[in-house]
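Asker: One structure follows; several queries about it will come next.
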Amino acid sequence: MNILEYMKNHFLFLDGGMGTLLQEAGLKPGELPERWNVTHPGEIIRIQKGYFDAGSNIILANTFGANSLKFEEDELRSLILAAFDNAKKAKESSLGTQEKYIALDIGPIGKLLKPYGDYEFEDAVSVYAKTVRIGVEAGADLIFIETMNDSYDTKAALLAAKENSDLPVFVSNAYGSDGKLMTGASPAAMVAMLEGMHADAIGANCSLGPDQLIGVVEEYLKYASVPVLLKPNAGLPRTENGKTVYDVSPKDFASSVSKLLQKGVRIAGGCCGTTQDFIKELTTAAAKIEPVPVVKNEISLVSSYTHAVEFGTSPVLIGERINPTGKKRFQQALRERDIDYILSEGLKQQDAGVQLLDVNVGLPEIDEPELLETVVKELQAVSDCPLNIDTTDLAAMERALRCYNGKAMVNSVNGKEEVMEGVFPLVAKYGGFVVALTLDEGGIPSDAETRVEIAKKIIAKAAEYGIEKKDLIFDPLAMTISADTTAALSTMKAVHDIRYDLGVNTSLGVSNVSFGLPTRNIVTSTFFALCLEEGLSAAIMNPYSVEMMNVYHAFKALHNLDENCMDYIEYASSIPAPAAAVSQTTGTPAPESGSKTYDSPLQEAIIRGRKEKTAALARELLKDTKPIELIQKEVIPALNIVGEDFEKKKVYLPQLLMAADAAKAAFEEVKILMAKEGGDSAPSRCAFVIATVHGDIHDIGKNIVKLILENYGFAVTDLGKDVPEQTVVDAVVKLHAPLVGLSALMTTTVPAMEETIKLLRKEAPWAKVCVGGAVLTQEYADQIGADRYCRDAMETVRYAEEVEAGLS
Amino acid sequence: MREFLEKLGAGILEESYRAVPVYKEYETVDFNLPEALRYAGMPAHSAPEAGEKAVLEALEEIGGSLFYKVGFLCMSLQWDEEGFPVLPFAQHSKLLKKNLKGCSGVILFAATVGPGVDRYIRRYERSEVSKAAILQGLGAERVESLCNLFNNEVREEAAEYRLKAHPRFSPGFGDLPISVQKEFLGSLDATRRMGITLSDSYLMAPSKSVTAIIGLERLA
Numbered sequence: 001m002n003i004l005e006y007m008k009n010h011f012l013f014l015d016g017g018m019g020t021l022l023q024e025a026g027l028k029p030g031e032l033p034e035r036w037n038v039t040h041p042g043e044i045i046r047i048q049k050g051y052f053d054a055g056s057n058i059i060l061a062n063t064f065g066a067n068s069l070k071f072e073e074d075e076l077r078s079l080i081l082a083a084f085d086n087a088k089k090a091k092e093s094s095l096g097t098q099e100k101y102i103a104l105d106i107g108p109i110g111k112l113l114k115p116y117g118d119y120e121f122e123d124a125v126s127v128y129a130k131t132v133r134i135g136v137e138a139g140a141d142l143i144f145i146e147t148m149n150d151s152y153d154t155k156a157a158l159l160a161a162k163e164n165s166d167l168p169v170f171v172s173n174a175y176g177s178d179g180k181l182m183t184g185a186s187p188a189a190m191v192a193m194l195e196g197m198h199a200d201a202i203g204a205n206c207s208l209g210p211d212q213l214i215g216v217v218e219e220y221l222k223y224a225s226v227p228v229l230l231k232p233n234a235g236l237p238r239t240e241n242g243k244t245v246y247d248v249s250p251k252d253f254a255s256s257v258s259k260l261l262q263k264g265v266r267i268a269g270g271c272c273g274t275t276q277d278f279i280k281e282l283t284t285a286a287a288k289i290e291p292v293p294v295v296k297n298e299i300s301l302v303s304s305y306t307h308a309v310e311f312g313t314s315p316v317l318i319g320e321r322i323n324p325t326g327k328k329r330f331q332q333a334l335r336e337r338d339i340d341y342i343l344s345e346g347l348k349q350q351d352a353g354v355q356l357l358d359v360n361v362g363l364p365e366i367d368e369p370e371l372l373e374t375v376v377k378e379l380q381a382v383s384d385c386p387l388n389i390d391t392t393d394l395a396a397m398e399r400a401l402r403c404y405n406g407k408a409m410v411n412s413v414n415g416k417e418e419v420m421e422g423v424f425p426l427v428a429k430y431g432g433f434v435v436a437l438t439l440d441e442g443g444i445p446s447d448a449e450t451r452v453e454i455a456k457k458i459i460a461k462a463a464e465y466g467i468e469k470k471d472l473i474f475d476p477l478a479m480t481i482s483a484d485t486t487a488a489l490s491t492m493k494a495v496h497d498i499r500y501d502l503g504v505n506t507s508l509g510v511s512n513v514s515f516g517l518p519t520r521n522i523v524t525s526t527f528f529a530l531c532l533e534e535g536l537s538a539a540i541m542n543p544y545s546v547e548m549m550n551v552y553h554a555f556k557a558l559h560n561l562d563e564n565c566m567d568y569i570e571y572a573s574s575i576p577a578p579a580a581a582v583s584q585t586t587g588t589p590a591p592e593s594g595s596k597t598y599d600s601p602l603q604e605a606i607i608r609g610r611k612e613k614t615a616a617l618a619r620e621l622l623k624d625t626k627p628i629e630l631i632q633k634e635v636i637p638a639l640n641i642v643g644e645d646f647e648k649k650k651v652y653l654p655q656l657l658m659a660a661d662a663a664k665a666a667f668e669e670v671k672i673l674m675a676k677e678g679g680d681s682a683p684s685r686c687a688f689v690i691a692t693v694h695g696d697i698h699d700i701g702k703n704i705v706k707l708i709l710e711n712y713g714f715a716v717t718d719l720g721k722d723v724p725e726q727t728v729v730d731a732v733v734k735l736h737a738p739l740v741g742l743s744a745l746m747t748t749t750v751p752a753m754e755e756t757i758k759l760l761r762k763e764a765p766w767a768k769v770c771v772g773g774a775v776l777t778q779e780y781a782d783q784i785g786a787d788r789y790c791r792d793a794m795e796t797v798r799y800a801e802e803v804e805a806g807l808s
Numbered sequence: 001m002r003e004f005l006e007k008l009g010a011g012i013l014e015e016s017y018r019a020v021p022v023y024k025e026y027e028t029v030d031f032n033l034p035e036a037l038r039y040a041g042m043p044a045h046s047a048p049e050a051g052e053k054a055v056l057e058a059l060e061e062i063g064g065s066l067f068y069k070v071g072f073l074c075m076s077l078q079w080d081e082e083g084f085p086v087l088p089f090a091q092h093s094k095l096l097k098k099n100l101k102g103c104s105g106v107i108l109f110a111a112t113v114g115p116g117v118d119r120y121i122r123r124y125e126r127s128e129v130s131k132a133a134i135l136q137g138l139g140a141e142r143v144e145s146l147c148n149l150f151n152n153e154v155r156e157e158a159a160e161y162r163l164k165a166h167p168r169f170s171p172g173f174g175d176l177p178i179s180v181q182k183e184f185l186g187s188l189d190a191t192r193r194m195g196i197t198l199s200d201s202y203l204m205a206p207s208k209s210v211t212a213i214i215g216l217e218r219l220a
C-alpha cells in the first residue's frame, strides 16, 4: 500500500540507531559508514533485518552522509544503490508481516550556509539534489530528511527533494535542550516553513531523549496539520568501561514514546543508542494504543529563521518603511545600492515594535529581481523579523521566496485571473501567507458586498492550487474619505464580513484613509482603532507614528490581549515626556566631564560617541549651516581629535568606533537634507575599493576600516567578504580606483590575497594596494607584494591621504 | 573521563585506548570582564567606564542566544617511529611534540558558544560597528572562558589521579597547521553533534569555537 494511504489510519514505526550499531560492529572512528554498504553489506542487512523483525515499517537506507561533498559522483551512486540493495534484502528476508518501506536517508551536508558560514544556499540545494536523484533511481519509497539543525539547510534539502522527485518527504530536525535548533528556529517556525513547502510529515530526532523532547513535540502537535514524527535518542550518553551507554532502557523508552503517541504523534522510532530491543518494546506497547486522528488546524503563521508570528489572535504590525514610494532618501539609497541604509530602516522599525517588515524595492530604473533577492538575503542576515515580500514583479517574487529562510508573507495577489495564475503557483511551491487585495478586472468596488464576493472568488481559486484559506489574508483596501466620505464605512464593513463571515484574516494599509486631509495622523489612527474593533488582524503601517502605536498598545490592553497590561506599561514608560524631548535637541547641555573642554556641543557628542544626540544636534545646526561647513568645521575636527587620541593610545578601538558611528549619524542627516533638496550629499575624496579576500568570511576588521574611511570622506566601494580575485580587479578597473584595501584573517587565505594583488598588478597597475588583518605583518605584506601594511583603520586613513596627495 | 583518568593515572590504560566522544553542555560560564575588555581592544586597567558599560550591556543583550557546548575525546598517547605523538591527524608539529613531552594520554576537545553571537555581530556590523567590535570581544571571552572552565575541570580531576595536565594546544598555533581541523573535528563528530562546521579555508563556523589538545602526564 502507498505509504501516504497507509499512514492515514495507522502508526508508522521507524527504525532505531544505525551509527552506534555500526561502531559496535567495528566501524572505526573517522571511517565513513556509507562505505560499509559495499564493504560490509552483511552487517548492514543484519541490522536492518533486525529492525524489520522488531516491527519497523520504515528502514532508513544507510545513506545519511551520502552526498557529493563527501564522495566522488561514481562512488556516491554506487554507495546509494548498494544501500538500497541491502535494505531490500533485509526487507525480503524479514518474517515481519507489517507494511514495509525503505527511505532515502538524508542528513546535513556539514556546511553552515551563508551568512553565518561560507556555503551558498543554491549550492546546498544542488548537493542534496544529486543524492535525491540517485535515491529515486534506487527505488526509494520516501525521502527522510533528518538531524537537521539549521532551518536554511533544511529548506535546501526539502526544496531539492521536491524539485527532483514526487516521493513523500518526511522532515525531522534536531533540537537542543533549549527547545530550538542550533541556529535558533523554534518548532512553530519549522512547522510553518515545512508545511508551506508541503512536507508530508514533520518532527524531531536525535540530540535528546524522549522525555526531554516533550515540549518540542507538544509545540509540533499544536501547530501541525500533517502527521508528527519523533525519533529520539535513548536518553543521554556516558562512557562506561570504554563503551558508550545511554541512560534510558528499552522499556522506559517505549513507555515515554507511547505517552507521546497518545498525545498525537503518529510516526515513531529511535535514534542514537536505540536498538532492535527499543523498537520491539515500542511496537509492542503501541499495539494497545489507538492513533489520534491528524486534524488540519486553522492557525495562520508566517516565520523567520527563528520564530513564527501568528495571525488572528493579537493584531500584527507590519512596518511599511522599506518602500521607495514618496521617500526621496530611500529612492536615493536604492539607486546608490546603499544596502546599509535599507537594513537600518528595517532594524529601526523592529526596534520600534513591528513584528514583520514589508520589503518593497521597486523603482522603474533598477533590476528588481536581483535587488529584492539581495535585500531579502541581507535583511535576514541582520534581523529575525519575518518579511512581507512586496512586489508585483513575479520574477522578483520567486527569487525572494526561494532564498527566504522561513515562510514569508507575500504582498500581493488580487482577484484578477492573470495575477492569481502568476502568484499562486509560487506560493504553492515555496509556501507563503498571501495578502489578497479585494479588487479584480472591474477595479476596486466601492461597496463592501462586492469586495466580499471577490474574496470568495480568490479563496476558491487558491484552493485549486492547494492553498488553504488560513494562508490568505485579505486587504479590503482603505480609500480616502476626502474623496468619498462613505469609503471608510465600506472598508470597515468589508473587514468585518471577511473576518467573521468568511473566517479569514484581514490586513490594511490604513494610512490611505486620510489622504488629502490635514493632520492625517488623527484620522488614520482613529480609523485603525475602528478597524481593529471590526476584527482587523494586521496593519501595514508607520511604526514611528506615536498615534498609531498608542492605538495598538491600548487596543491590546483593552481587549485582554496583554496580560496584566505589562506590554502597555512597558510601552508607556518608553514614551519620552514632551519636555524632555525638547531639551535633547536645544539648549546648551551641561558639560559632562569636568576637565575636558570641547569646541562645540556637536563635537563633544561625536567624540563621546553619542549617536542620537549627534543626529539631533546636526539636524538642528543644518537649519542654518551649510552641509559642507558642518562637515568641515564640526565633524572632521571631532574625528581628528579622536583619531589622534587613538594613535597616541589615549583612547581605544571601541571609542574610536563609537565616535565614527556618531559621525555617521551626522552624515546621515546631511544625506537626508540633500535628498530633499537635491544635489550631491558631500564632496567625495578618491575612490577606495575594499574587500575581504576569497575564502575568508570574517570581515569585521574590514568593516571597521570602511567606516572610518567613509567618515574621512573617501568614496568606499565595499565588495564584502569571500570576494573572488577577479571581482576585486573588475571593480578597481571600472572605478579606476587609485586605492585598494584587502583584508585576511587567516594564514590560509593570505595566498588568495597574494593572487588578488598579482592580478591587480596586471590589470590595474595604477592601483596602490594596502593590506591588513590579524595574521599580517609588514614582512608578510612585502612578501606578497602589497604596497603597504596598515596596522589599523587610522593607518589606512593616513595611507589613503598620502596616496591621494600624490595624485594631484 | 574519570575512568580514563583513573586508569591513566594508575598506568594501566590500554595502549590503544580511544573512547568515543562525549558531549556536555554548561548552563552558565562565569564572566570575565577584564578579558572581554581586552579582546574588545581595551586594556582592562584603563578601560573607560563607557567601555565596561557597553560590554555588560552587550552581554545582557545576547546572553540568551548563547549556549556552552564542549565535546571531548579521551585517548592514550602513543609515539611514532620519528618520535612524534600519534593523534587523529597526520601532520607532525615540533611544538606540539614538545608540549606533549612526557604525556601518556590526551584529551582532544572542541568548544563552542553557538552561532548566536555571530548573528548579532553580523547585525551590528551593518548598523553600529562599535557594538560589533564589543560583541567580537565578548564572544572571544565567552568561548575562552568556556575552554578555561573545561580545562580546569580536567586539570582538577587529573590531579586527583596524580596526573599533570599540560597547557592546552590549538591547531593553527605555531607549526601545527590549521588544516588539521578537518580530522580534528571529524574525530569528535563535531559537525553533527555540536554544529561546528569547517569552510574550505578551514575557518570554523560558528566563529566562536575553539579546538585544543590537553596532554596528561603521570607524576612520579
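Those protein sequences? They're chains A and B, same order as listed.
Here this note's numbering is used: position 670 in the first sequence is 670, and no number is missing along the way.
Here this note's numbering is used: position 215 in the second sequence is 215, and no number is missing along the way.
Backbone N, C-alpha and C fix where the C-beta goes; we use that ideal spot for every residue, glycine too.
In this structure, how does DSSP classify A:Ile202 when only helix, strand and coil are distinguished?
Answerer: strand
Asker: Tell me the DSSP bridge mates of B:Thr211?
Answerer: DSSP links B:Thr211 through a beta bridge to B:Ala110.
Asker: Determine whether the Cβ of A:Asn640 lies closer than 8 Å to any Cβ atom of chain B.
Answerer: No, no contact with chain B.
Asker: Roughly how many angstroms separate the alpha carbons of B:Leu59 and B:Leu138, rounded to a whole number?
Answerer: 7 Å
Asker: Excluding five sequence neighbours on each side, which residues of the same chain lie with their C-beta closer than 7 Å to the C-beta of A:Ser811?
Answerer: Past the edges of chain A, shown from 1 to 808, lies residue 811 of chain A, and the structure says nothing about it.
Asker: With a 10 Å radius around its C-beta and 16 neighbouring C-beta atoms as the bar for buried, classify A:Ile106 as buried or exposed.
Answerer: Looking at its Cβ environment, which holds 16 or more other Cβ atoms inside 10 Å, A:Ile106 is buried.
Asker: Contact defined as beta carbons within less than 8 Å: I believe A:Val217 pairs with A:Leu260. What is the distance between those atoms, to the nearest angstrom?
Answerer: Right, the Cβ-Cβ distance comes to about 5 Å (below 8 Å), so this counts as a contact.
Asker: Using the three-state DSSP reduction, which class does A:Pro210 fall into: helix, strand or coil?
Answerer: coil
Asker: Mapping the DSSP letters down to three states, classify A:Gly346 as helix, strand or coil.
Answerer: helix
Asker: Buried or exposed: where does A:Ser446 fall if 16 or more other Cβ atoms within 10 Å of its Cβ makes it buried?
Answerer: Here A:Ser446 is exposed: its Cβ has fewer than 16 other Cβ atoms, across all protein chains shown, within 10 Å.
Asker: What are the boundary residues of the beta strand (DSSP E) that includes A:Leu301?
Answerer: 300-303
Asker: Can you check which of these residues, A:Ile454, A:Val546, A:Arg619, is closest to A:Gly443 by C-alpha distance?
Answerer: A:Ile454
Asker: At a Cβ threshold of 8 Å, is A:Met658 touching chain B?
Answerer: yes
Asker: Near B:Glu141, what residues of its chain come up, given a Cβ to Cβ distance below 7 Å and the 5 sequence neighbours on each side ignored?
Answerer: Sequence-distant Cβ neighbours of B:Glu141 in its own chain, meaning closer than 7 Å and more than five residues away, are Asn32, Glu35, Ala36, Tyr39.
Asker: Give the interface partners of A:Ile704 over in chain B, defined as CB-CB distance under 7 Å, in chain order.
Answerer: Val129, Ala133
Asker: Using 8 Å for Cβ pairs, my map puts A:Leu812 next to A:Val169. What's the rounded Cβ distance?
Answerer: No information on residue 812 of chain A is available, as it lies outside the stretch 1 to 808 that chain A covers here.
Asker: Leaving out the 5 sequence neighbours to the left and right, which residues in its chain are closer than 7 Å to A:Ala662 when beta-carbon positions are compared?
Answerer: Ala605, Ile606, Gly609, Arg610, Lys611, Thr614
Asker: Taking Cβ-Cβ distances below 9 Å as the criterion, which residues of the segment 18-35 of chain B are in contact with chain A?
Answerer: Arg18, Ala19, Val20, Pro21, Val22, Tyr23, Glu25
Asker: Between A:Val382 and chain B, is any beta-carbon pair separated by less than 8 Å?
Answerer: yes
Asker: Would you say B:Leu185 and B:Leu176 are within 8 Å of each other, going by their C-beta atoms?
Answerer: no
Asker: Quick one: using the 10 Å Cβ neighbour count with 16 as the cut-off for buried, is A:Pro591 buried or exposed?
Answerer: With a pLDDT of only 41 at A:Pro591, under 50, the local geometry of the prediction cannot be trusted, and the value read off the model is given with reservation. When all chains shown are included, A:Pro591 counts as exposed.
Asker: For A:Glu34 and A:Asp150, what's the separation of their Cα atoms in angstroms?
Answerer: 23 Å
Asker: Against chain D, with Cβ distances strictly below 8 Å, would B:Gly186 count as a contact?
Answerer: Checking the listed chains, one finds no chain D in this structure; the protein chains it contains are A and B.
Asker: Taking C-beta to C-beta, are A:Leu735 and A:Val728 nearer than 8 Å?
Answerer: It is not a contact, given that the beta carbons lie outside the stated cut-off.
Asker: From the DSSP output, in three-state form, read off B:Tyr202 for me.
Answerer: Three-state DSSP puts B:Tyr202 in coil, outside helix and strand.
Asker: Helix, strand or coil for A:Gly713? Go by DSSP, reduced to three states.
Answerer: coil
Asker: Does the CB of A:Leu387 have a neighbour CB from chain B at under 8 Å?
Answerer: no
Asker: Residues of chain A with CB closer than 7 Å to the CB of B:Thr211, please, in chain order.
Answerer: Residues of chain A whose Cβ lies closer than 7 Å to the Cβ of B:Thr211 do not exist; the shortest such Cβ separation is about 14 Å.
Asker: Applying a beta-carbon distance threshold of less than 9 Å, which residues of chain A neighbour B:Gln91?
Answerer: Simply none; closest approach about 14 Å.
Asker: Buried or exposed for A:Pro364, going by 16 or more other Cβ atoms inside 10 Å?
Answerer: That one is exposed.
Asker: Around the C-beta of A:Asp42, are 16 or more other C-beta atoms found within 10 angstroms, so that it is buried, or is it exposed?
Answerer: Looking at the sequence shown, residue 42 of chain A is not Asp but Gly. A:Gly42 is exposed by the Cβ-count criterion.
Asker: If we cut at 8 Å on Cβ distances, does A:Ile697 have a partner in chain B?
Answerer: yes
Asker: Report buried or exposed for A:Trp766, applying the criterion of at least 16 other Cβ atoms within 10 angstroms of its Cβ.
Answerer: With fewer than 16 other Cβ atoms within 10 Å, it is exposed.
Asker: Is A:Pro108 closer than 8 Å to A:Met148 when the C-beta atoms are compared?
Answerer: yes
Asker: If you follow the alpha helix (DSSP H) that A:Met674 is part of, which residue opens it and which one closes it?
Answerer: 653-677
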